[in-house]
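Enquirer: I am attaching a structure below and will ask some questions about it afterwards.
Numbering (my numbering), first residue to last: 13 to 463.
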């Protein structure tokens, strides 16, 4: 079921109704009317339909949620007006192209009692001087009323936010008080032990208290948009876009903290608070944020302040001296953090270098290997009985040391065994047995030098 945008009746099959009743034959015209009936209209870069609000946000749905004076039904109605106004402009443009199939629907944003801002007759000045003066006077009144509405809206947002925080805190106090009444106090854990008997887990880092960015201020939005374009350049890559998005998020967090409780953030006077800047930097340290990350925050803020001082907007009321003082304060904070970052880098480098093998040890090892490797290769080329001293000492050579018994081999075979040994074997055995202080010459080789 969908409501027809022309006759405001509800139909289950709207496309045949548009063709048969309203004689809509142009496919583009029918597509726009069906999209309006289904609510599928892109409202990006659409002016806000709320009276007194002159913003053109990137996301109209999110912007309407910031109008705290509107109820849910009011936001829905404003979104419907914006969609109808955009479809009316697209139909008007389609009619101006003079297509082959004419556009027959007469859908205009003035049907809801609003004046079309794109009417060519709207911006044409009147020839009468009195009429022009009256128009200028009314325009000045409208500008003044717009400023008052903006100020009242910001005040209402602050009061609403404070009321929610107070309610949240009051509810938490009530829950904690009720828990203390109904629960017995837990037993204190042992020193260094958690509640389950294990080691005490580390405390999680504290989260930053949200300080929303005042995106209802046109001057701030325009300046951030220009700064974003300056950072992106002419040919931005995907990685550069991500970096710039992160940088804008850090800058918005800083501006939200500095502009908290300010009635007129559009004049940029809220930045001239050195003590609050130092408090923001200290607040980053209280969240257990790493020092390099805090340095990134301050560097991004310093880049934004440099851009602001070089090209201040027309609404900026900060003097050049105040801008110099603000930038000097931020750079002093960066230097303070930089000293701690350098100390951390030096300590990390020392730990890494302590795990490495010294160069002197590597050179000494290389030289020793150069001397030992040729000797080992030459020894590997020798025959086995020269490489291994015990290569020819099996168990049947025991009679060479002890007197022959009935279990020993026969003398002829023993003679063959003795004859099979070389002079180097005999000398080695003599040396070993002499060290053991055993008289072996008469047992060994019959007191002769030959086998």
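All C-beta atoms in this analysis are idealised placements derived from N, C-alpha and C, irrespective of residue type, glycine included.
Just so you know, these numbers come straight off a predicted model, no measurement behind them.
Indicate whether the contact test is met: 3 or more Cβ pairs, each with one atom in the stretch 53-62 and one in the stretch 145-160, closer than 8 Å.
Expert: Result no; under three Cβ-Cβ pairs closer than 8 Å.
Enquirer: What's the call for residue 378, buried or exposed, on a 16-neighbour Cβ count within 10 Å?
Expert: Within the chain shown, residue 378 is the residue found at index 366, counting from 1. When all chains shown are included, residue 378 counts as exposed.
Enquirer: Looking at the secondary structure, which residues open and close the alpha helix (DSSP H) in which residue 233 lies?
Expert: As a working mapping, residue 233 is identified with position 221 in the chain shown. Taken as a continuous stretch (DSSP letters only), the alpha helix (DSSP H) holding residue 233 covers 230-244.
Enquirer: Do residue 3 and residue 310 have their CB atoms nearer than 8 Å?
Expert: Residue 3 falls outside the range modelled here, since the chain spans only 13 to 463, and no answer is possible.
Enquirer: Which class does residue 498 belong to by DSSP, given the choice of helix, strand or coil?
Expert: Look at the range of the chain in this structure, 13 to 463, and you will see that residue 498 is not part of it.
Enquirer: Going straight from the alpha carbon of residue 370 to that of residue 380, what length do you get?
Expert: Position 358 of the chain shown, counting from 1, holds the residue named residue 370. Position 368 of the chain shown, counting from 1, holds the residue named residue 380. Whole-angstrom Cα-Cα distance: 16 Å.
Enquirer: Does residue 20 pass the burial test, meaning 16 or more other C-beta atoms within 10 Å, or should it be called exposed?
Expert: Walking along the chain shown from the start, residue 20 turns up at place 8. Label assigned to residue 20: exposed.
Enquirer: Measuring straight from C-alpha to C-alpha, what distance separates residue 320 and residue 231?
Expert: Counting from one through the chain shown, the residue named residue 320 turns up at place 308. Counting from one through the chain shown, the residue named residue 231 turns up at place 219. Each residue's alpha carbon lies about 12 Å from the other.
Enquirer: Rounded to a whole number of angstroms, what is the C-alpha to C-alpha distance between residue 92 and residue 178?
Expert: If you number the chain shown from 1, residue 92 lands on position 80. If you number the chain shown from 1, residue 178 lands on position 166. When rounded, the distance between both Cα atoms is 34 Å.
Enquirer: With 16 other CB atoms within 10 Å as the buried threshold, where does residue 122 fall?
Expert: Looking up residue 122 in the chain shown gives position 110. Here the model assigns residue 122 a pLDDT of 41, short of 50, so the residue's position is not dependable and the matter cannot be decided.
Enquirer: I'd like the list of long-range same chain contacts for residue 69, defined as Cβ closer than 6 Å, with 5 residues on each side in sequence excluded.
Expert: Position 57 of the chain shown, counted from the start, is the residue given in the question as residue 69. Hits under 6 Å: 75.
Enquirer: Short of 8 Å in beta carbon distance, which residues of its chain neighbour residue 99, apart from the five on each side in sequence? Order them along the chain.
Expert: The count along the chain shown starts at 1 and reaches residue 99 at position 87. Cβ within range, chain order: 17, 44, 45, 47, 48, 53, 119.
Enquirer: Classify residue 171 as buried or exposed, calling it buried when 16 or more other Cβ atoms lie within 10 Å of its own Cβ.
Expert: Position 159 of the chain shown, counting from 1, holds the residue named residue 171. The residue in question, residue 171, is exposed, as its Cβ has fewer than 16 Cβ neighbours within 10 Å.
Enquirer: In whole angstroms, what separates the C-alpha of residue 125 from that of residue 97?
Expert: To locate residue 125, count along the chain shown from 1; it is residue 113. To locate residue 97, count along the chain shown from 1; it is residue 85. Low confidence applies to residue 125: its pLDDT is 43, below 50, so where it sits in the model is not reliable, and the reading given next is rough at best. C-alpha separation (whole angstroms): 11 Å.
Enquirer: Could you check the C-alpha separation between residue 353 and residue 343 for me, to the nearest Å?
Expert: The residue labelled residue 353 in the question sits at position 341 within the chain shown. The residue labelled residue 343 in the question sits at position 331 within the chain shown. So the two alpha carbons sit approximately 15 Å from each other.
Enquirer: Can you tell me the Cα-Cα spacing of residue 89 and residue 251, whole angstroms?
Expert: If you number the chain shown from 1, residue 89 lands on position 77. If you number the chain shown from 1, residue 251 lands on position 239. Using only the alpha carbons, I get a separation of about 39 Å.
Enquirer: Look up residue 294 in the DSSP assignment and say whether it is helix, strand or coil.
Expert: In the chain shown, counting from the first residue as 1, residue 294 sits at position 282. Correct three-state label for residue 294: helix.
Enquirer: Between the Cα of residue 57 and those of 83, 94, 276, 27, spot the shortest distance and give me the residue it belongs to.
Expert: As a working note, residue 57 is residue 45 in the chain shown. Nearest of 83, 94, 276, 27 to residue 57, Cα basis: 94.
Enquirer: Please report how far the alpha carbon of residue 117 lies from the alpha carbon of residue 22, in whole angstroms.
Expert: Here residue 117 is taken as the residue at index 105 of the chain shown, counted from 1. Here residue 22 is taken as the residue at index 10 of the chain shown, counted from 1. So the alpha carbons of these two residues sit roughly 17 Å apart.
Enquirer: So what's residue 175 in DSSP terms, helix, strand or just coil?
Expert: For the purposes of this step, residue 175 is taken as residue 163 along the chain shown, with counting starting at 1. Helix, per DSSP.
Enquirer: Just list the residues that DSSP pairs residue 15 with in beta bridges.
Expert: To locate residue 15, count along the chain shown from 1; it is residue 3. Beta-bridge pairing links residue 15 to 22.
Enquirer: Please classify residue 306 as buried or exposed, where buried requires at least 16 neighbouring CB atoms within 10 angstroms.
Expert: Within the chain shown, residue 306 is the residue found at index 294, counting from 1. Answer is buried; the Cβ neighbour count reaches 16.
Enquirer: Quick check on this structure: which residue in 142, 266, 249, 167 has the alpha carbon closest to the alpha carbon of residue 315?
Expert: Against the chain shown, residue 315 aligns to sequence position 303. Nearest of 142, 266, 249, 167 to residue 315, Cα basis: 266.
Enquirer: Given a cut-off of 8 Å, decide if residue 329 and residue 281 are closer than it, judged by their beta-carbon atoms.
Expert: Counted from its first residue, the chain shown places residue 281 at position 269. Counted from its first residue, the chain shown places residue 329 at position 317. Closer than 8 Å, so yes.
Enquirer: Using beta-carbon positions only, say whether residue 341 and residue 286 come within less than 8 Å of one another.
Expert: Sequence index remark: in the chain shown, residue 341 carries index 329 (1-based). Sequence index remark: in the chain shown, residue 286 carries index 274 (1-based). Cβ distance < 8 Å, so residue 341 and residue 286 count as in contact.
Enquirer: What number of angstroms, rounded off, separates the C-alpha of residue 347 from the C-alpha of residue 356?
Expert: For this step, residue 347 is matched to residue 335 along the chain shown. For this step, residue 356 is matched to residue 344 along the chain shown. Whole-angstrom Cα-Cα distance: 14 Å.
Enquirer: Roughly how many angstroms separate the alpha carbons of residue 234 and residue 289, rounded to a whole number?
Expert: As a working note, residue 234 is residue 222 in the chain shown. As a working note, residue 289 is residue 277 in the chain shown. Spanning the two alpha carbons is a distance of roughly 23 Å.
Enquirer: Suppose contacts are defined by Cβ-Cβ distances below 8 Å. Is residue 72 in contact with residue 55 by that definition?
Expert: Walking along the chain shown from the start, residue 72 turns up at place 60. Walking along the chain shown from the start, residue 55 turns up at place 43. A contact, by the Cβ cut-off of 8 Å.
Enquirer: Taking the straight line between their C-alpha atoms, what separation do you get for residue 279 and residue 32?
Expert: Numbered from 1 along the chain shown, position 267 holds the residue referred to as residue 279. Numbered from 1 along the chain shown, position 20 holds the residue referred to as residue 32. Each residue's Cα considered, the two are about 57 Å apart.
Enquirer: Can you tell me which of the three DSSP states residue 88 falls into?
Expert: Along the chain shown, read from residue 1 onward, the residue named residue 88 stands at position 76. Note: residue 88 maps to helix in three-state DSSP.
Enquirer: Give me the Cβ distance between residue 103 and residue 41, rounded to the nearest whole Å; I'm assuming they're in contact under 8 Å.
Expert: In the chain shown, counting from the first residue as 1, residue 103 sits at position 91. In the chain shown, counting from the first residue as 1, residue 41 sits at position 29. Contact holds; Cβ gap of about 7 Å.
Enquirer: For residue 113, which residues of its own chain have a beta-carbon under 7 Å away from its beta-carbon, when the five flanking residues on both sides are left out?
Expert: Taking the first residue of the chain shown as position 1, residue 113 is located at position 101. The residues are 37, 38.
Enquirer: If distances are taken between C-alpha atoms only, which option among 345, 358, 169 comes closest to residue 274?
Expert: Along the chain shown, read from residue 1 onward, the residue named residue 274 stands at position 262. Here the closest residue by C-alpha is 169.
Enquirer: Measuring CB to CB, does residue 349 end up less than 8 Å from residue 312?
Expert: Locating residue 349 in the chain shown gives position 337, where the first residue counts as 1. Locating residue 312 in the chain shown gives position 300, where the first residue counts as 1. Result no, Cβ atoms of residue 349 and residue 312 do not sit closer than 8 Å.
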